[in-house]
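Last residue of the sequence shown: number 1534 in my numbering, and the count goes up by one each step with no gaps.
Glycine included, every Cβ here is placed at the ideal spot set by N, Cα and C.
Worksheet for the structure shown next.
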Amino acid sequence: MKHLRWLGWMGLGVMVGFGIFLLGFRERSDSPNEPHIDDLRKLQLILELVEKYYYRPITQEELVRKAIDGLFRGLDPHSFYIPKEIQQQEEAEMSGGFEGIGIEFQIIEDTIQVLSPIKGGPSEMVGIQAGDKIIEVDGRVVAGRGITQREVIQLLRGKKGTRVRVKIARPDEKELLEFEIIRDRIPIHAVHFAGKVGEVGYIQLARFSESSHEELRQALRQLKQLGVKGIVLDLRSNPGGYLHMAQRIADEFLPEGKKIVYTQGRVPESNSSYIATSYYGTYEKGPLIIMIGPGSASASEIVAGAVQDWDRGLIVGQRSFGKGVVQTQRYLPDSSAVRITFSRYFTPSGRCIQKPFENVSSEEYEKELKERLERGEFVDETKIPMPDSLKYSTASGRIVYGGGGIIPDIFFPMDTTARRIHPCAQLAQRKNLYFLAAQMYVSRHSEIKNKYNSAEDFAEKFKVDSELWDIFMRKVKEKEINCDFRSDTARRDAEWLLRASVAKLSFGEEARTRVEMERDTDLKRALRLIPAAEELEMTGKLDKARYKAAILKIE
C-alpha cells in the first residue's frame, strides 16, 4: 500500500504480540474456556450439511472462510481474520516495500474503498484520495461482484512501469472519475519528511512500523544539530502501528519516570504499564507541537495523549480518530492469522479515548467520521462532544476529555479550499500528465540538479518555464482533454502540480513535500504557535484566546 495494503481496521490499530508486543510473534495457547464439545460438533455438522445440500457446489474451504468472517463480524471492527497472502503482504509492508499503485484499502459493502493513498506513491501523484471507491480496473467492474482481497492484490500490484486504469466513485462527483496509474516501487519509510522550515524542525511520521523509532530519533538529532527553535511532529495521516514503537517515540519527549500509557484487559498478559526511561530522551526539553486530525489513530493517539497529559507539548488540529484498544495477533498453522482486540489503553490521566465500537459494523464505524463532517465539527470546535462525565486533568490542571479521540489544545478549522484543485487541473492529474510532462522535461535538463543547492532551494526558486508548459499542453492535446487552461486558477493549479512532479524527479520526496507545503494552511498555523508551546512547557498554562486570534489570520 505504500503500494497496496489491505488493512481491515488494522490501519487504525495498535498491534501487540504476546510478550514482546509486535506483529508476527507466533504464540499459540489453549483458551481457558474451551467450547463444549457439543457446540463444536454442531458447527461441524452445519458445515457438512451446507456442503452436501446447498443448491450449488460449495467447497469446505469457502464455507470455513465464511464462518470465520461471520464470527468476527459479530465482535468489533478491529478484530478480524487475515488470509495468508494478506498477512505476507503486511509483513513486507511493515519491514520493506514492493511494487504497486500505492494505496491502503479495505473492502466495504463489496466495494474497494481507499483508506489512504501512500505518501509519494503513484496513486497520490495522480490525485487518488481517501474515501474514493474503485469501481473498475482496466475495464473490469470490481464493485458489487464479491471481489476478494487476493483478487484486489492481483489486479493492482504489478511491475514498476506498468500501467493500470481505474474508475473511481467519489463523494459529490456525479460521474465516475478515470485515472491512469503507473505502478512503481513503494518503499516503506516511517518518516516521510524531516527538515527545517524557517527556524523550526518539521517531521512527518506516517506510521508506527518497526523502523519508525530509529528514523524519528535520527531526524530529531539532525534537527537539533541545525539549531531549530522547536519541533513540529505531524501525525495527521498516521493510522497507528506497533504499541512498543508508540512507547519509545513518546519516551523521546518525556522525562524518566513519566507514565506513557497503560493497558487493561481480561487476561493477565493484557495488563501493562509503560513508563518513560532514561535510555531515550532525544528531545525532552524544547517547544514541541503535535499535529493531529481524524486520520490520526491508535499509536498516534497514545503519543499525543501522553504529551498532552504531561503538558509537555501543544496538540493542534482537529479531533483524532478515537481508537483506544489494542490488538494481539496470533498465527494459524497455514500462516494466516487472527487479530483480536486484546485490551483497552489509557492515557496517563486515565482517559480511554475509544469511540463506541462494540456491536457496530465496520460500515457504521466508518460512517462516524462522516457524521462529524455533517454536523460541522471539522470547522467548528463547539460541535465536538465534551461531556462533563469524561473530564480529566493534565499534570498542571488543564481540562482534557476522553471518550472518542484526542481533542486538540488549539483547534484548527479544517481548510477545505487551500488544496482544492481546478477541475481542469484535476482531470490532467487523473491522466498522470504532470508526471509524464515532468519526466520529459527533466530528461532534457540534466543541469537542474546542479542549478539548485538543495531540495529547499529548488522548491523556493523553481518556476514553470514556457518549455515545460508547452510539453504539458502537448500532453493535454494528445489525451484529447477538452479543457481551458487559460484561466488564472486552472493555470496556477497546473503549474503547482508540475512543480511538484519536477521536484520529485529531480530532488526526491523532500522537494515535492516542500512544494506541497505552500498550500498547507494548518502547517503554517502550527509554525506560528511555537511561542505557545514554549509557554505551555514553561508554565503548564495556555492562553488559548490570544493564540487562536493569531493563527486564524493565516490564509
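Nearest-angstrom beta carbon gap, residue j and residue i [assumed within contact, 8 Å]
| i | j | result |
| --- | --- | --- |
| Ser1480 | Tyr1413 | 4 Å |
| Ile1239 | Gln1226 | 5 Å |
| Pro1056 | Phe1336 | 6 Å |
| Glu1342 | Glu1041 | Between Glu1041 and Glu1342 the Cβ distance is about 23 Å, and since that is not below 8 Å, they are no contact. |
Coil, strand or helix - residue i by DSSP
| i | result |
| --- | --- |
| Asp1048 | helix |
| Met989 | Confidence at Met989 is low in this model, with a pLDDT of 35, below 50, so its placement is unreliable and no value can be given for it. |
| Thr1518 | helix |
| Asp1151 | coil |
| Met1419 | helix |
| Pro1392 | coil |
| Arg1144 | strand |
| Pro1312 | coil |
| Tyr1221 | strand |
| Ala1169 | coil |
| Lys1501 | The residue you asked about is not Lys; residue 1501 is Asp in the sequence shown. Asp1501 falls in the helix class under three-state DSSP. |
| Ser1328 | coil |
| Asp1213 | strand |
| Tyr1431 | coil |
| Arg1525 | helix |
| Lys1098 | coil |
| Lys1370 | strand |
| Met1535 | Examination of residue 1535 is not possible in this model, given that the chain is present from 980 through 1534 alone. |
Test item: CB-CB of residue i and residue j under 7 Å
| i | j | result |
| --- | --- | --- |
| Glu1231 | Lys1208 | no |
| Ile1165 | Ile1097 | yes |
| Arg1318 | Phe1084 | no |
| Leu1348 | Pro1266 | no |
| Ile1378 | Arg1298 | no |
| Asp920 | Val1143 | The first residue shown for the chain is 980 and the last is 1534, placing residue 920 beyond what the model contains. |
| Phe1325 | Tyr1241 | yes |
| Arg1465 | Leu1156 | no |
| Lys1362 | Arg1354 | yes |
| Ile1126 | Ala1512 | no |
| Ser1275 | Leu1214 | yes |
| Phe1391 | Gly1296 | yes |
Alpha-carbon to alpha-carbon, residue j and residue i
| i | j | result |
| --- | --- | --- |
| Lys1440 | Tyr1420 | 17 Å |
| Val1043 | Ile1161 | 37 Å |
| Tyr1034 | Ile1025 | 15 Å |
| Met1104 | Arg1020 | 53 Å |
| Phe1077 | Ile1427 | 29 Å |
| Gln1197 | Arg1291 | 21 Å |
| Arg1052 | Leu1508 | 44 Å |
| Val1494 | Ile1400 | 15 Å |
| Gly1081 | Asp1151 | 24 Å |
| Gln1308 | Ala1316 | 7 Å |
| Gln1405 | Arg1470 | 11 Å |
| Leu1369 | Arg1330 | 8 Å |
| Ile1294 | Ala1283 | 7 Å |
| Phe1172 | Val1131 | 30 Å |
| Leu1477 | Asp1501 | 23 Å |
| Asp1288 | Ser1257 | 19 Å |
| Cys1403 | Lys1302 | 38 Å |
| Tyr1310 | Lys1063 | 9 Å |
| Lys1031 | Tyr1253 | 53 Å |
| Glu1194 | Ile1182 | 10 Å |
| Glu1474 | Ile1147 | 25 Å |
| Arg1005 | Glu1069 | Annotation note: pLDDT 29 at Arg1005 (below 50); position unreliable, coordinate value reported separately. C-alpha separation (whole angstroms): 15 Å. |
| Arg1149 | Glu1489 | 29 Å |
| Thr1373 | Ser1190 | 30 Å |
Residue environment, residue i, which counts as buried when at least 16 other CB atoms sit within 10 Å
| i | result |
| --- | --- |
| Lys1523 | exposed |
| Val1120 | exposed |
| Met1517 | exposed |
| Pro1366 | exposed |
| Ser1425 | exposed |
| Thr1492 | buried |
| Leu1205 | exposed |
| Thr1320 | buried |
| Asn1217 | buried |
| Asp1359 | exposed |
| Val1145 | buried |
| Asn1411 | buried |
| Leu1039 | It should be pointed out that residue 1039 corresponds to Gln in this sequence rather than to Leu. Gln1039 should be labelled exposed. |
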